[in-house]
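Engineer: Okay, handing you the structure first.
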Amino acid sequence: MIKRIWQAAGLCGCLILAGCETLSYYQQGLGGQMALWKARQPIARVLENPQLSPMQKDKLQDVQRIRAFAETELSMPVRHQYDTYADVGRRYVAWAVMAAPPYSLQPKQWCYPLVGCLDYHGFFAEIKAHRYAQALSQQGMDIYVAPVQAYSTLGWFHDSVLSGFLTLSEPDLAQLIFHELAHQRLFFKGDTAFNESFATAVSEEGLHRYAAAYHLDLSAWQHQQAAQAEVMHLLMKTRTKLQLFYAKGGQVSAMAEGKAKILSELKHDFAQMRAQHPGVAVYQSFVDGANNASLASVADYHDLVPTFMSLLQRDHGDMQRFFADCASLRSLHPAARRQALLVLVQSKST
């Protein structure tokens, strides 16, 4: 999926060091992380390299400015995060596997010791991710494999700026760093939807403030956001149609036929949208491969964003108060936490 629809495909915090199911999974995770550690260098030292291209130098200096802004203006726990650089030799550092039953939008979860249960399973090697996904597909699951440009270790380690970051525009780079730092500011075990929507909201608010402070031109980014909003509306409408259809139940043959019809309608509606708005063409591959797993992932990263933005508005833009309000929900289970978040927003509007 294109990263502009949801942050995991380029901006998400894919926590692939969260734990392991098997020794081989543990080994690939540890090996991948150790390779990053071995490759990293302090950004200050990298900037002294005379062979550094002007573009690379500008991007790394942008990172330094973004980090400073996150700490002083957004109350982020920057510390030693993103003060080193690692060239991983490829655009994506990892690949996240997501899965869902053939007639349900409830994503499969993988449970880990440190972060609870998550809706994705990550791999440093693309081929291993696809092999794992293929095995799930053979079990009858809908699967989706998303490339990942960044992930957060939640402060357990010092995360590095990766070479893939340098392909991003300054707005996207700022969003990425703000998103990952948001995970370190607040993370609830086993609640993917809350965590990712929270980080998405923080990254969007952070970008607007950063752009205002440094007179950044967001016209291209805003055009991308407008295209994303249109596609998101269509995807969420499709997701709702599938939910209602699955809830009715029925014979497997009828379920398969109904599902195919709804996904065909998605492709038809997207084709009409693309004819009127060519800018949405970047989402064509995602729409073509849309299934329960990919549509469930979209909801994880966007469902609660409007609620978080409403809470921040009612906190008068005070990031410290906003973070404290969100942290007050820590003791609740995911379903109760979502309801409490809505109640919290409503209580502040009276």
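The working numbering applies: residue 14 is where the sequence shown begins, and numbers increase by one.
All residues carry an ideal CB built from backbone N, CA and C; glycine is no exception.
Remember, it's a predicted structure, so these values are computed and weren't measured experimentally.
#1: Report the option in Glu86, Phe283, His192, Gly262 whose CA atom is closest to the CA atom of Thr213.
#2: Considering only C-alpha positions, which residue in the set Thr85, Tyr296, Val59, Leu87 is nearest to Gln74?
#3: From what residue to what residue does the alpha helix (DSSP H) around Met68 run?
#4: For Ser310 versus Asp185, is the C-beta spacing smaller than 9 angstroms?
#5: Mind reading off the beta-carbon distance from Val215 to Tyr98? Whole number of angstroms is fine, and I expect it under 8 angstroms.
#6: In whole angstroms, give me the CA-to-CA distance for Ala288 and Lys202.
#7: For Met68, count neighbouring C-beta atoms within 10 Å of its own C-beta (all shown protein chains included) and say buried if the count is 16 or more, exposed if not.
#8: Nearest to Arg351 by CA position, among His196, Val293, Pro160, Asp313, is which residue?
#9: Look at the alpha carbon of Leu279 and the alpha carbon of Val76, and state the distance between them as a whole number of angstroms.
#10: On a CA-only basis, which of Gly219, Leu167, Gln151 is nearest Leu189? Give me that one, please.
#11: Just to confirm my understanding: we take His171, look at its own chain, exclude 5 residues before and 5 after, and list those with CB closer than 7 angstroms. What are they?
#12: Which term fits Glu270, buried or exposed, when burial requires 16 or more other beta carbons within 10 angstroms of its beta carbon?
#13: Are the beta-carbon atoms belonging to Tyr227 and Arg78 less than 9 angstroms from one another?
#14: For Leu87, I'd like the list of residues in its chain whose CB is within less than 6 angstroms of its CB, leaving aside the five on either flank, ordered along the chain.
#15: Measure the Cβ-Cβ separation of Val161 and Gly129 and say whether it is below 9 angstroms.
#16: What does a CB cutoff of less than 7 angstroms around Cys27 pick up in its chain, not counting 5 residues either side in sequence?
#17: Looking at the structure shown, is Val135 part of a helix, part of a strand, or coil, going by DSSP?
#18: Roughly how many whole angstroms lie between the Cα atoms of Ala267 and Pro115?
#19: Assuming Thr205 is part of the beta strand (DSSP E), what are its boundary residues?
#20: Who are the near neighbours of Lys72 in its chain, counting only those whose CB is closer than 6 angstroms to its CB and skipping five residues on each side?
Structural biologist: In short:
#1: His192
#2: Val59
#3: 67-86
#4: no
#5: At roughly 24 angstroms, the Cβ-Cβ gap does not stay under 8 angstroms, so Val215 and Tyr98 are not in contact.
#6: Taking C-alpha positions only, Ala288 is separated from Lys202 by approximately 43 angstroms.
#7: exposed
#8: Asp313
#9: 38 angstroms
#10: Gly219
#11: So the qualifying residues of the chain are His93, Gln94, Thr97.
#12: exposed
#13: yes
#14: Gly219, Met332
#15: no
#16: Low per-residue confidence applies at Cys27: pLDDT is 42, beneath 50, and the placement is therefore not dependable enough to give any value.
#17: Note on identity: in this sequence residue 135 is Gly, with Val being the wrong assignment. Correct three-state label for Gly135: strand.
#18: 13 angstroms
#19: That residue, Thr205, is in no beta strand (DSSP E); its alpha helix (DSSP H) goes 205-226.
#20: Hits under 6 angstroms: Leu179.
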